[in-house]
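First the structure, in the form of structure tokens, and then the observations on it.
Protein chains in written order, with my numbering: chain S, 12 to 590; chain B, 3 to 630.
Laid out in structure tokens, this is it:
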């Protein structure tokens with residue numbers, strides 16, 4: 012390039028118009044913030060956007076371009092309705108990215124959002140966007156002028172640091188270390204196979220390096236598989252943890268339900284057997300979505316209606332993720348030894364053993380002495396965690412909430428794994444893709460070594476996408492990933508076109524940390540499924556609906572790292588192998 | 003061929019195929035001069051097959067000279083180049099001056115529109131044997147110091163590398179009967195797309211022999227290290243074909259392979275590959291005679307080391323033109339590479355571009371997504387090198403696509419259409435087979451049978467029983483057990499003709515095997531191409547531009563001189579903010595002035611010769627000089 016070098020930059024920018032967008036795959040992401048907010052905007056960009064919109068809305072015709080339409084949104088696979096929301100169709104080049112774009116404005120609950128994301132992820136030609144990819148595409152298609160915002164570079168620089176720290180914080184956990192280790196092992200395996208391809212014939216690179224690669228890959232395969240099958244944590248979070256209140260009649264189960272959900276959801280009376288059917292309500296405890304069921308008191312009922320109620324109670328217990336066993340403290344106080352037997356009668360007989368909390372209600376009726384005796388009886392290892400509670404005086408509510416929060420955290424696992432964010436969807440998709448590639452490695456190994464090596468490279472790339480290893484090689488990707496901070500300025504216009512008054516508050520650079528995120532969840536009221544009621548740490552509702560004050564920052568899982576992999580593998584790993 | 007009597011290898015064979023696709027000479031000549039053809043990596047997949055041949059040194063030289071001397075419009079003039087003729091630079095290009103020819107040792111001048119320097123190991127070349135050293139580019143040939151001084155004065159950043167060559171042995175003094183024999187391939191595969199077969203009958207090929215080092219060798223080397231200047235010095239040598247001494251020092255208590263390779267059909271010289279050493283000659287003889295099979299071997303010429311100057315290749319554009327001196331091109335070891343094939347790859351690009359430059363046409367460059375040549379030149383001009391650079395398949399991102407079998411369809415049409423370096427005959431042949439492959443793929447995709455039918459026709463393959471929809475012949479060909487011949491027996495009328503054309507049948511098979519992988523990589527390749535298309539002005543003065551860049555970034559950018567954003571992204575340590583600021587600067591600057599008015603680093607006047615004015619350029623102040 013000579014005289015017109017700057018000119019060719021411009022020409023290049025101009026050339027990146029709509030035309031070249033056709034060969035690309037289509038990406039999707041939540042473009043609004045994380046956490047519970049009234050509305051979440053899920054955006055797709057790329058040639059398959061129209062198909063995605065058709066499949067999700069179940070209609071052949073697209074909405075009028077750039078006009079808001081109300082549609083029922085379904086999972087195209089199962090036809091299961093996911094939500095009813097607004098959709099907007101932006102045919103290219105008149106869109107933010109210059110490509111065909113679609114926006115789905117759905118209710119902001121994690122279940123809806125992750126349901127829609129997973130449905131999109133299953134469509135052919137669609138994949139989750141890399142951080143900042145929308146902005147990158149907009150830039151590549153000449154839709155974004157870098158020079159418009161004065162001082163953007165400095166801003167980006169400052170925020171890049173913040174984002175880095177954020178990503179680092181997030182990946183410092185055990186999970187991050189695990190992914191790092193896998194990534195390193197994969198890189199090592201790849202280096203060995205490369206050494207074998209390039210050197211084995213003339214130099215003394217022995218055949219057994221391949222056996223070592225095979226072993227390493229098989230081991231990784233096992234570990235990844237185990238990791239992906241690790242309980243139903245994700246699903247629990249999507250659907251809410253099923254907590255079932257059970258116990259003998261008149262122990263105060265319905266009172267407990269009303270106490271927890273802060274409204275008279277269930278009828279309470281002094282008459283044993285008042286509750287016949289299962290009463291269900293959803294609420295949010297310490298950031299975890301909970302589906303709470305109150306059940307009929309367990310006894311040998313004669314009344315056929317009550318019999319049916321007891322039978323339903325037992326069914327519900329079978330499906331419980333956590334049991335709140337409510338017993339009458341006043342009744343048990345004289346004989347604390349009966350505690351274990353009483354509890355046994357409540358818990359579902361068939362395996363697996365359920366996590367359980369023992370709630371000794373009616374503590375207000377206890378004398379100081381019997382209170383001590385009960386507490387002593389509960390102190391042993393044989394009984395589940397227990398607390399004394401009075402639904403009447405609300406004494407012991409804080410303790411119960413603390414215990415409940417602890418159990419929920421245990422059930423949902425590492426909050427990092429469990430966080431119902433896009434990150435989670437990305438993790439799962441990339442891990443699955445990684446596993447698929449490892450599977451193909453084993454198949455390719457028998458035939459073509461180049462193809463086998465290629466699968467390892469691909470697997471490593473998917474892991475790299477999670478761990479966010481930033482190689483100097485992927486600088487451009489990183490630029491545009493970090494650039495997504497610029498969304499605040501950039502997305503303004505797009506938002507207003509939707510005509511929706513939703514807002515994402517919060518200053519740039521203040522991405523939520525995980526505790527903040529969960530705190531935000533616990534104050535946010537959403538209308539998604541499961542319907543979640545606000546419940547502060549005090550056990551009190553936090554007032555009327557308000558939008559979560561979470562800034563719409565991508566929880567920085569950074570881009571690939573494979574770009575110039577070969578050379579890097581070369582310098583870092585092959586050389587030491589050969590000396 | 004001044005070192006090993008062989009061409010090709012893993013990665014190197016790829017380069018030769020690409021040179022051939024652009025109508026370079028070495029592949030065709032090897033098909034007419036080889037004495038032992040062998041395909042390496044046979045078991046590892048066609049993408050990494052390494053074509054390799056032992057070549058008759060004398061025949062190769064004869065054939066090469068015949069070819070060169072018979073090239074129309076080519077004048078050959080032998081003489082040593084002592085200096086460059088320089089004149090005022092062209093204002094629209096970067097560079098402080100422009101080359102207009104060369105000054106020869108005898109004082110005569112040769113004027114030229116562009117000049118290519120391929121100095122090999124001759125720039126301040128120093129031959130070392132034991133403690134002795136004397137200036138020479140090769141044993142018996144003078145080194146070039148005048149030219150080295152000129153280049154240094156012009157401000158080129160210069161580094162030093164070393165290499166070595168083994169002693170040569172007399173064939174009739176070696177006992178081959180007790181050594182493992184390596185036969186040549188019974189069906190030699192030619193290097194060139196134009197060669198139907200190689201010149202030699204398969205059964206007439208010579209063999210190579212394998213022997214090993216032993217603890218006695220190790221002991222001699224250890225005991226005499228004090229007599230070995232070359233090995234002790236810190237100059238960077240190749241890690242990839244290291245001297246016997248380095249191998250022994252780096253991997254003690256191991257035995258190392260030594261290949262005994264013939265130098266030619268009627269040559270009595272054997273080249274012991276893997277035995278490069280720089281011990282004093284009498285100790286080399288001691289080492290030789292304690293090796294199995296070589297007990298009575300006579301040393302014809304001792305091994306020796308060479309140390310030589312190279313110029314930091316980051317001072318070049320992707321067309322291998324110097325940024326400092328206009329119309330001056332470099333190729334080969336002067337750019338820090340090792341190997342004939344790497345040199346040939348640069349030679350053809352430098353040659354094509356030197357010519358295009360004279361004709362005032364845009365440069366011809368190859369992208370990383372198009373060929374090993376592109377990877378080689380991009381690595382050199384973007385990252386530089388600190389040891390002799392050798393090609394490997396693992397350096398190549400898109401290895402499954404950049405294969406030896408399809409080098410012609412990747413490069414020949416471009417060479418023909420953009421530069422005219424390719425003959426019409428070759429172009430037509432490539433177009434023909436390219437079209438035939440495309441047609442073949444289409445036919446294979448159109449032929450379908452139910453899985454059960456396939457299973458009964460080809461019992462060797464296992465088709466997933468869950469599939470009920472028809473399976474294409476295209477998918478069936480991906481099975482290792484299946485080839486075109488087999489398919490042609492099933493579909494004689496559709497595939498019979500395709501299978502008869504043997505080259506086509508083989509290429510179709512390879513194409514199909516890699517199809518899935520390469521189509522998956524298409525998007526990635528597109529990304530790389532986009533980044534490479536975003537070009538930066540090559541004459542930007544990073545130290546003075548008014549962009550928000552740290553001094554560290556400025557130094558990195560200045561020493562690497564990236565030409566595209568793709569290249570910037572491969573420079574270690576460049577931050578995202580820096581790249582963005584760079585983009586912003588380039589763009590605003592363009593808008594404000596309507597043209598490029600960025601500060602250039604060019605000296606506008608013809609520099610005075612023989613003074614230090616040029617010597618102290620920005621290169622000295624950058625961290626580049628520290629790298630050497």
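Just so it is clear, CB atoms sit at the ideal spot from N, CA and C, and this is done for glycine as well.
| Asked | Found |
| --- | --- |
| Whole-angstrom distance between residue 315 of chain B and residue 323 of chain B, CA atom to CA atom | 10 Å |
| Neighbour-count burial assignment, residue 568 of chain S, 16 or more Cβ in a 10 Å radius | In this predicted model, residue 568 of chain S has a pLDDT of only 21, less than 50, meaning its place in the structure is not dependable; the value taken from the coordinates is given anyway. When all chains shown are included, residue 568 of chain S counts as buried. |
| CB contact below 8 Å: residue 209 of chain B versus chain S | no |
| Neighbourhood of residue 126 of chain B by C-beta distance below 7 Å, restricted to the same chain and skipping five residues each side | 145, 147, 150, 310 and 311 |
| Counterpart residues of residue 522 of chain B in DSSP-defined beta bridges | The partner list for residue 522 of chain B (beta bridge, DSSP) is empty, contrary to what the question assumes. |
| Minimum Cβ-Cβ distance from residue 482 of chain B to chain S less than 8 Å | yes |
| Stretch-stretch touch, CB-based, cutoff 8 Å, three pairs: the segment 344-359 of chain S with the segment 254-262 of chain S | yes |
| Any chain B beta carbon closer than 8 Å to residue 36 of chain S | yes |
| Interface flag, residue 77 of chain B vs chain S, CB-CB below 8 Å | no |
| Pair within 8 Å by beta-carbon distance, residue 80 of chain S and residue 67 of chain S | no |
| Presumed contact (8 Å Cβ cut-off) between residue 59 of chain B and residue 3 of chain B, rounded CB distance | 6 Å |
| Alpha-carbon spacing of residue 406 of chain B relative to residue 12 of chain B, whole angstroms | 10 Å |
| Cβ pair residue 38 of chain B, residue 56 of chain B closer than 8 Å | yes |
| Positions along the segment 31-58 of chain B whose CB lies within less than 7 Å of some CB in chain S | 42, 43, 46, 47, 49 and 50 |
| Cβ-Cβ distance between residue 293 of chain B and residue 233 of chain B below 8 Å | no |
| Closer than 8 Å to chain S by CB, residue 292 of chain B | no |
| Residue 17 of chain B versus B:209, B:122, B:344 and B:359, residue with shortest Cα-Cα distance | B:344 |
| Cutoff 6 Å; reference residue 194 of chain B; Cβ partners in own chain excluding five residues on either side | 22, 29, 30 and 33 |
| Counted within 10 angstroms of its Cβ, other Cβ atoms place residue 329 of chain B as buried (16 or more) or exposed | buried |
| Under 7 Å by beta carbon: chain A residues contacting residue 475 of chain S | Note that chain A does not occur in the displayed structure, where the protein chains are S and B. |
| Contact with chain S by residue 348 of chain B, beta-carbon distance below 8 Å | no |
| Reference residue 48 of chain B, options B:497, B:402 and B:199, closest by Cα | B:402 |
| Proximal residues to residue 475 of chain B (C-beta, below 6 Å), its chain only, five neighbours per side dropped | 446, 449 and 489 |
| Touch test, the segment 371-379 of chain S against the segment 336-353 of chain S, Cβ-Cβ under 8 Å, three pairs minimum | yes |
| Close Cβ partners of residue 573 of chain S (< 7 Å) along its chain, the five nearest in sequence each way excluded | Only weak support is given to the placement of residue 573 of chain S: the predicted model assigns it a pLDDT of 27, under 50, and the value that follows is read from those uncertain coordinates. Taken in chain order, the residues that qualify are 468, 471, 472 and 475. |
| Residue range of the unbroken beta strand (DSSP E) whose run includes residue 102 of chain B | 99-106 |
| Through-space distance from residue 71 of chain B to residue 103 of chain B, alpha-carbon basis | 21 Å |
| Residue closest to residue 344 of chain S, alpha-carbon to alpha-carbon, out of S:412, S:385 and S:310 | S:385 |
| Residue ranges of each beta strand (DSSP E) within the segment 338-396 of chain S, 3 or longer | 367-372 |
| Cβ of residue 97 of chain S within 8 Å of any chain B Cβ | no |
| Among S:265, S:219 and S:371, the one whose alpha carbon lies nearest that of residue 349 of chain S | S:371 |
| From S:134, S:36, S:99 and S:129, residue whose alpha carbon lies closest to that of residue 148 of chain S | S:36 |
| CB contact flag (residue 276 of chain B, residue 260 of chain B, <8 Å) | yes |
| Residues near residue 64 of chain S by beta carbon distance below 7 Å, same chain, minus five either side | 73, 98, 100 and 113 |
| Residues near residue 409 of chain S by beta carbon distance below 6 Å, same chain, minus five either side | none |
| Chain-ordered residues of the segment 309-340 of chain B with a beta carbon less than 7 Å from chain S | none |
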